[in-house]
Structures are given as structure tokens and as C-alpha cells.
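The sequence shown runs contiguously to residue 319 in the working numbering.
Below is one structure, written out as C-alpha cells; comments come after it.
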Amino acid sequence: MAILPRIGTQDVAAMPVLQSLSTFTRHAPAKLNWYLRVLARRADGFHELETVMVRLRELGDTLRCRLDPSGAVSLTIVSATPQTLSEQAIPATESNLVIRAARALQQQTGTSLGVQFTLIKRVPAAAGMGGGSSDAAAALEILNRLWNLELSRATLLSIAADLGSDVPFFLAETPLVLCTGRGEILTPIPGSFPIWVVVARPKTGLSTPAVFRNCRPEPERASAENLVSACESRSITAVAQALHNTLQSPAVALNPEIGRMQRLFERERVVAHQMTGSGSAYFGVCTSKRHACCVAARLRAQGVPWVEITSTQA
Ligand code: C5P
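Okay, structure coming up:
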């Protein structure tokens with residue numbers, strides 16, 4: 006597997022949707038959960054959620070799609086950070102969400118066209134950062150154009166929800182969204198603003214189903230309303246005060262390395278810190294890019310295997 010040099014944050018932020026007649030390239034951003042409350046277990050095996058997710062500006066994968074008129078679908082994965090794939094390999098097989106997205110579109114439309122995907126991975130797997138979901142959403146959007154399918158947004162969203170609970174969020178019109186149901190019902194939150202964060206992932210990841218199985222739903226807890234108003238007020242402190250994640254405590258119980266992340270961030274002067282999604286990545290809210298750089302440098306010096314800084318999308 007080829008290892009690419011690290012890509013500068015500005016390079017990614019400025020990356021446009023590049024396209025030629027037969028090739029499209031798109032940035033597939035990672036996400037963080039500012040707020041995640043599990044309300045109840047459902048009969049279908051999923052959990053009823055209330056979560057506020059935000060897309061990240063600099064941190065994400067890159068998906069390149071080249072038209073393959075033969076109808077074949079293929080995927081090559083290139084890792085931009087060695088740690089990303091070392092512990093849990095991301096399969097370049099039919100089970101990969103990018104290939105599943107292409108197959109779903111082929112089935113839905115009957116197109117005879119195919120695609121050669123190249124996926125440059127920067128977002129670690131099993132991290133709660135939506136890497137695979139974002140790749141799938143990018144594939145749906147690109148293939149809709151590359152194959153001239155002209156599917157409506159509603160159809161793409163419905164296919165996205167079948168692929169995974171987090172996939173529709175990456176197709177939302179705003180980068181900040183209140184997601185309910187199992188995560189697929191979107192309520193856009195206007196007025197997102199850039200907040201600098203440090204994101205760190207311990208050596209081992211976590212299985213999403215295992216974390217959900219071990220969580221205790223919090224039907225009585227205060228809703229996401231505070232967090233939503235904090236975002237609308239554009240106050241970093243107010244956002245930080247409203248952070249919450251029901252899944253953090255079962256995740257810490259399953260993976261003690263997350264407890265270590267928590268202790269490391271406690272020692273830093275970050276505005277607030279929390280695990281994202283079902284983990285195992287953990288983030289600290291910073292006051293500026295400079296602040297984020299300093300925190301990241303200290304975490305790296307303490308041996309945290311994967312540390313990145315990024316801002317949230319506005
Ligand atoms: O939807 P997705 O395929 O990403 O979900 C992966 C797993 O995470 C599910 O099979 C389920 O075990 C768990 N999950 C859940 N409740 C949700 C979302 C995911 O229990 N709302």
C-alpha cells in the first residue's frame with residue numbers, strides 16, 4: 006500500500022470539486038459530534054438518537070472517480086497517514102461503503118456504466134469521525150453526475166440512509182445538522198462558524214455496535230436545544246458548555262485508551278473536550294489555530310499515535 010506525504014491543511018481546504026469529462030475528485034470531510042444523546046433502544050436493533058454533527062474543514066479523505074464504460078466497479082485505497090490503516094485495515098472489497106454506494110446506484114437506475122475509484126484515506130477507521138460514511142456520500146454525489154443519473158436529492162438521501170445512519174448527514178445542505186431517528190432525519194442548523202479543534206485517536210478503535218450495545222439510554226436528559234442555541238449564538242464557550250455524548254462512558258469501559266485520552270485532554274487548557282460518535286477519536290475545543298497547534302504538539306510528544314488539528318466548516 007502506497008503512503009503519501011501529509012497534505013497541508015490549506016491544500017485540503019482549498020480543494021475544489023475537480024472535474025474533467027470522465028473524472029471527478031471530491032473532498033470527503035470527516036465529522037465530529039458536538040452532542041449525542043441516545044434516547045431509546047428500538048425494535049429494529051438501532052437506537053433512537055438526537056445528535057448534532059458538524060463537518061470538518063481541513064480533515065477528510067479525497068475520492069477520485071474515473072468513468073469505466075465496461076460497467077466494472079473497482080477501488081484502490083491509498084493511505085495518507087500510516088497510522089490510519091495500520092491497526093484496522095480498510096477493505097477495498099465489495100463491503101467498502103464506496104463500492105456499496107456504486108452498486109446501490111447501479112441497481113436503482115440500471116445504468117451499464119462503471120467506475121474506478123481511488124480513495125486517499127486520511128480519516129482513521131473505527132474513530133467515530135464518519136470517514137466511511139463521508140466517502141459513501143461523496144461517491145453518491147459524484148456518480149450522480151459522472152453517470153448523468155439526474156437522481157433527486159430526496160432519492161440520494163434515501164439511498165444514503167440505506168447505506169448507513171450517518172451517510173445522509175454528509176449530503177446535508179449545511180455543515181451543522183441536528184440528526185434524529187437513527188441519525189438519518191436531518192434538521193439543518195444555519196450559521197455554523199469555524200471552531201478550531203484538536204482530534205486524537207488512540208491506537209485501537211471501537212466497534213460501533215459494541216458501544217451502542219453497552220450504552221444506557223438517557224430519555225430524561227436535557228435535549229440538544231442548548232447546543233443548538235449555543236451554535237446560533239456563535240459562542241465557543243457556550244458550545245463547549247453544551248457538549249455531551251451518551252456513548253462516551255460505555256466506550257471508556259470498553260477501551261481504556263479513551264480514558265487516557267480524557268486524562269490527557271484534562272491536563273490541557275482546552276475550552277472543553279469529548280469523544281466523538283462511538284469513538285475512539287477524542288477532541289478538544291481550542292480558542293484559535295495557534296492554540297490547537299500547541300495542544301497537538303504536546304499530545305504528540307506524549308505518544309498519542311494520531312493527532313490532527315482542523316476547524317469546523319462554516
Ligand atoms: O447505520 P450503521 O450501519 O452505521 O450502524 C452500524 C451499527 O451501529 C448498527 O448495526 C447498530 O448496531 C449501531 N447503531 C445503533 N443505533 C443507531 C446507529 C447505529 O444502534 N442510531
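Note that the Cβ used here is the ideal one computed from N, Cα and C, for glycine as well.
- Going by C-alpha positions, T209 is about 17 Å away from G137.
- Secondary-structure assignment with DSSP links T185 through a beta bridge to E55 and I190.
- When the beta-carbon positions are compared, F29 and L80 stay at least 9 Å from each other.
- About 6 Å separates the beta carbon of L41 from that of L252, a gap short enough to meet the 8 Å contact definition.
- With contacts defined as CB atoms closer than 9 Å, A109 and L162 fail to qualify as a contacting pair.
- For T81, the uninterrupted beta strand (DSSP E) segment begins and ends at V78 to S84.
- L181 is positioned such that its CB atom lies closer than 9 Å to that of M58.
- Going by C-alpha positions, C70 is about 14 Å away from A97.
- A205 places its beta carbon 9 Å or farther from that of A144.
- In this model, A141 and S170 are separated by some 12 Å (Cα to Cα).
- C184 counts as buried, since at least 16 other C-beta atoms from the protein chains shown sit within 10 angstroms of its C-beta.
- Burial state of S139 is buried, judged by a 10 Å Cβ sphere holding 16 or more other Cβ atoms.
- For A277, the secondary structure class from DSSP, reduced to helix, strand or coil, is strand.
- In the DSSP assignment, G137 falls outside any beta strand (DSSP E) and lies within the alpha helix (DSSP H) extending over G136 to L151.
- Taken atom to atom, the span from the alpha-carbon of T86 to that of A286 is near 15 Å.
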